[in-house]
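Q: Chains as they are written, first to last, in this note's numbering: chain A, 1 to 325; chain B, 326 to 584.
Just so it is clear, CB atoms sit at the ideal spot from N, CA and C, and this is done for glycine as well.
Computed from a predicted model, the values in this text were never measured in an experiment.
Submitted below is the structure of interest, expressed as structure tokens.
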Amino acid sequence: MANPILVVNELGVLARRNDSVRKLLDGISLQVGEGEIAGLVGESGSGKSMLGNAIGGLLPRGCEAHAGEILWRGQNLMGASGAMLSSLRGSQMAYVFQEPMTALNPTLRVGRQLVDVIRRHVQPDAAAAKALALRLLADVRIDAPQEVFDAWPHQLSGGMRQRVLIAMAFSCKPALIVADEPTTALDVTVQAQVLSLLLTLARERGTAVLLISHDIGVIRRACETVNVMYAGRIVERGRTAAVLDAPQHPYTRALLDSLPGRFQPKARLNALPAGGPAASGCAFRSRCDSAFDRCCDVPPLVALPSAGAAACWLNHPISVEGASA
Amino acid sequence: MTAPLLALDQVSVRYASRRAAAIEGVTLSIDAGRTLGIVGESGCGKSTLAKAVMGLAPVSAGSLNYLGQDITRMTPRRRLQAGIGMQIVFQDPQSSLDPRMRVRDLITEPLLIAGRPSAGVAESLVDQVGLPHDALGSQPHEFSGGQRQRIAIARALAASPQLLVLDEPTSALDLSVQAQILNLLLDLQREHGFGYLFISHDMAVVRHLADDVAVMYRGQIVEQGAAAEVLDTPRHDYSQALMRSAMSGQAAPAVESLT
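Written out as structure tokens, the structure reads:
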């Protein structure tokens, strides 16, 4: 990657509750290049939102990044102060979340909320901030910016609210937007419009996007690269087309196999066996068809000939040599 | 020709508080062993249709027939007692199952209401939906989302239905769990010849399950026909827009063609 703006190295996140400690993220390494649209896909509980939040220092109470590093343009954010992270989030990094209703304050008009953000991070002058806010609303293809500016959040549809939040995210000209399921709460007909708007603006402005989604269709359409998460680890990554067309990790393969679109109508799907992640070794081994002795150890994420990487002993150079010998 | 399992003729639902009808002039029919998929965006009347079919919404015009019998004015309880075999499975098994009840009581309650014997039925029901027998003594919160949906399906099967209304039954589930539940629904249909009224916003799922598809828009059916035809070559403007914007996992057009 030419210019990674974000590099995550061996990140570990723990949740502490009373005396118990639980690993939420383990050995996560990830890079996002300048202007890159990168995807993060996984099922609920896999840790994808936790990772998105960890990047901007937004971990919930009781969770702590205890290992590894998060480098923003070379600067380590681990242990950075709240004030420093907050200013970074306003000026270089922005978030778009799933639920546009809870992300806006219901007791303040939309315009006021936009202007507050702009005045704090970009343009302290009130009149100039308002002008900028109106321009941003027009940029997100809102036909009547002044009307939306004067509206209360509840007067807007879900799609409109998400446009406002996209406008807010772009207001500080960020280098990276972390978009966590930005279209999941929207209607099917609106999803495509909102996603396409986010991507078009990001391309025009050279903004990188880390798109977090459970929806493989969205990832396939939007992302140049994809990272697949399972049980708090990245199990496979690479160019989107390569990963989705020729998955190398058994979990990625199983996930794609469970998509209904790939089968004859009314044929049984290749469903993954039920079950949680294994307690030790490769977390997927308890549900994996091809698990063998080696899987009692955690497999490292190793580079593949396809330029991607997978964390599976089947693809590991040592086991491949062992098999051919 | 035998009567269809369920036939709706020009059914409208009008709530007193709203000026516009929630659904208007809906005509459709479902045969045994077949699945009718209902698609449309939220607010189009899909779930009101499900409620109307189940006798849970005020039908203001039109009629519903079950195997030739008029059930338009029958309450859900009367239907159950009269042996009208229709049950519904909702999207969110977290909220559709009483959290204080044990699984055994949850799935045999419909038999109690119908006044039928329930001995041994619970065991056979959990077998059918692929849950272990010791699940019967547990409460819903002890299960995962997919398992809870299996419990909801077992409860629906208790009343020996011939028709199941499935209102977004896999929308709250993860992809790998969704596949398990879809397989279960397909197996049950093959085994018992159930008719399904399958409501979903997910075109890939509808394509996989449905024989026929009806597209709803603003309370009306704007197009219906064989699944492949409606999904691949929609005629109505709205269906076309809906299919274009549907983001199923199978298609891979470039981002530029999204709008």
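Just checking: is the beta-carbon of B/A477 within a distance shorter than 8 Å of some beta-carbon in chain A?
A: Answer no: the Cβ-Cβ gap between B/A477 and chain A never drops below 8 Å.
Q: Determine whether the Cβ of A/G261 lies closer than 8 Å to any Cβ atom of chain B.
A: So, interface residue.
Q: What is the rounded straight-line gap between the Cα of B/L333 and the Cα of B/R425?
A: B/L333 and B/R425: Cα-Cα distance of roughly 36 Å.
Q: Would DSSP call B/L522 helix, strand or coil?
A: Three-state result, B/L522: strand.
Q: Can at least three beta-carbon pairs, one atom from the segment 203-214 of chain A and one from the segment 269-280 of chain A, be found at a separation below 8 Å?
A: Too few Cβ pairs lie closer than 8 Å, so no.
Q: Please confirm whether A/W313 has its beta-carbon closer than 8 Å to some beta-carbon of chain B.
A: A/W313 does not count as touching chain B.
Q: Could you compute how far the alpha carbon of B/A551 sits from the alpha carbon of B/D492?
A: Between B/A551 and B/D492, the C-alpha separation is close to 20 Å.
Q: Beta carbons nearer than 8 Å to chain A: which residues of the segment 478-503 of chain B have them?
A: Flagged, chain order: D499, L500, S501, V502, Q503.
Q: My guess is that B/G410 and B/S485 are in contact by the Cβ rule of under 8 Å, so how many angstroms apart are they, rounded?
A: The pair is a contact, with the Cβ atoms about 6 Å apart (cut-off 8 Å).
Q: Verify whether the separation of the beta carbon atoms of A/L134 and A/I166 is less than 8 Å.
A: No, these two residues do not count as a Cβ contact at 8 Å.
Q: What did DSSP end up calling A/L165 once you bin it into helix, strand or coil?
A: The answer is helix: DSSP assigns A/L165 an H, G or I state.
Q: Rounding to the nearest angstrom, what Cα-Cα distance links A/R237 and A/P250 in this structure?
A: Distance between the alpha carbons of A/R237 and A/P250 is about 13 Å.
Q: Under the DSSP definition of a beta bridge, which residues are partnered with A/L228?
A: With the sequence shown as reference, residue 228 of chain A is identified as Val, and Leu is not the correct amino acid for it. DSSP, once it has assigned bridges, lists A/V41, A/E236 as partnering A/V228.
Q: Name, please, each residue of chain B whose Cβ falls closer than 7 Å to the Cβ of A/A331.
A: This structure does not reach residue 331 of chain A, given that chain A is present from 1 up to 325, and the question cannot be answered.
Q: Which one or two residues does DSSP pair with A/P4 in a beta bridge?
A: Per DSSP, A/G33.
Q: Between which residues of its own chain and B/L498 is the CB-CB distance below 6 Å, once the five residues before and five after are set aside?
A: Within the same chain, B/L498 has close Cβ partners G470, G471.
Q: Run through DSSP, which three-state label would B/Y542 get?
A: Here B/Y542 sits in strand by DSSP.
Q: Comparing C-alpha positions only, which one of A/V218, A/R73, A/R163, A/A291 sits nearest to A/L88?
A: Among A/V218, A/R73, A/R163, A/A291, the Cα nearest to that of A/L88 belongs to A/R73.
Q: Considering just the uninterrupted stretch of the beta strand (DSSP E) at B/T373, what are its terminal residues?
A: Per DSSP, B/T373 belongs to no beta strand (DSSP E); it is in the alpha helix (DSSP H), 371-378.
Q: Which of the residues in the segment 151-176 of chain A, read from start to end, lie with their CB under 8 Å from any CB of chain B?
A: If the cut-off is 8 Å between Cβ atoms, the segment 151-176 of chain A has nothing near chain B.
Q: Listing by chain order, which chain A residues have their CB less than 9 Å from the CB of B/R532?
A: Going along chain A in sequence order, the residues near B/R532 (Cβ under 9 Å) are P260, G261, P265.
Q: Quick check: A/V194 and A/G217, are their CB atoms within less than 8 Å of each other?
A: For A/V194 and A/G217, no; Cβs fall outside 8 Å.
Q: Comparing C-alpha positions only, which one of A/N18, A/V21, A/D26 sits nearest to A/G281?
A: The residue with the shortest Cα to Cα distance from A/G281 is A/D26.
Q: Taking DSSP as the reference, what is the three-state secondary structure of B/A579?
A: Annotation note: pLDDT 33 at B/A579 (below 50); position unreliable, no value reported.
Q: Provide the residue span of the alpha helix (DSSP H) that contains B/H512, from first to last.
A: Note that residue 512 of chain B is Asp in the sequence shown here, rather than His. Taken as a continuous stretch (DSSP letters only), the alpha helix (DSSP H) holding B/D512 covers 500-517.
Q: Could you check whether the Cβ of B/E467 sits closer than 8 Å to any Cβ belonging to chain A?
A: It does not: the Cβ of B/E467 has no partner Cβ on chain A nearer than 8 Å.
Q: How about A/H249: is its C-beta nearer than 8 Å to some C-beta of chain B?
A: For A/H249, the answer is no, since every Cβ of chain B falls outside 8 Å of its Cβ.
Q: Where does A/N53 fall in DSSP's three states?
A: Residue state, collapsed to three classes: helix.
Q: Is there a Cβ from chain A that is less than 8 Å from the Cβ of B/A552?
A: Yes, B/A552 counts as interfacial toward chain A.
Q: Mind checking if B/H526 is an interface residue toward chain A, Cβ cutoff 8 Å exclusive?
A: With 8 Å as the cut-off, B/H526 counts as an interface residue toward chain A.
Q: Measure the alpha-carbon distance for B/A566 versus A/L259 and round it to whole angstroms.
A: So the two alpha carbons sit approximately 23 Å from each other.
Q: Can you check whether the CB of B/A529 is closer than 8 Å to the CB of A/G39?
A: It is not a contact, given that the beta carbons lie outside the stated cut-off.
Q: Taking just the CA atoms, how far does B/A460 sit from B/L450?
A: So the alpha carbons of these two residues sit roughly 11 Å apart.
Q: To the nearest whole angstrom, what separates the beta carbons of A/L244 and A/R205, a pair I think is in contact under 8 Å?
A: Their Cβ separation, rounded to whole angstroms, is 27 Å, which puts A/L244 and A/R205 out of contact at 8 Å.
Q: Do you know how far the Cα of B/V428 is from the Cα of B/S443?
A: Near 14 Å, if we compare the C-alpha coordinates of B/V428 and B/S443.
Q: CB-CB under 6 Å to B/V364, same chain, minus the five flanking residues each way: which ones, in chain order?
A: Counting only Cβ-Cβ distances below 6 Å, and skipping sequence neighbours, we find V531, V540.
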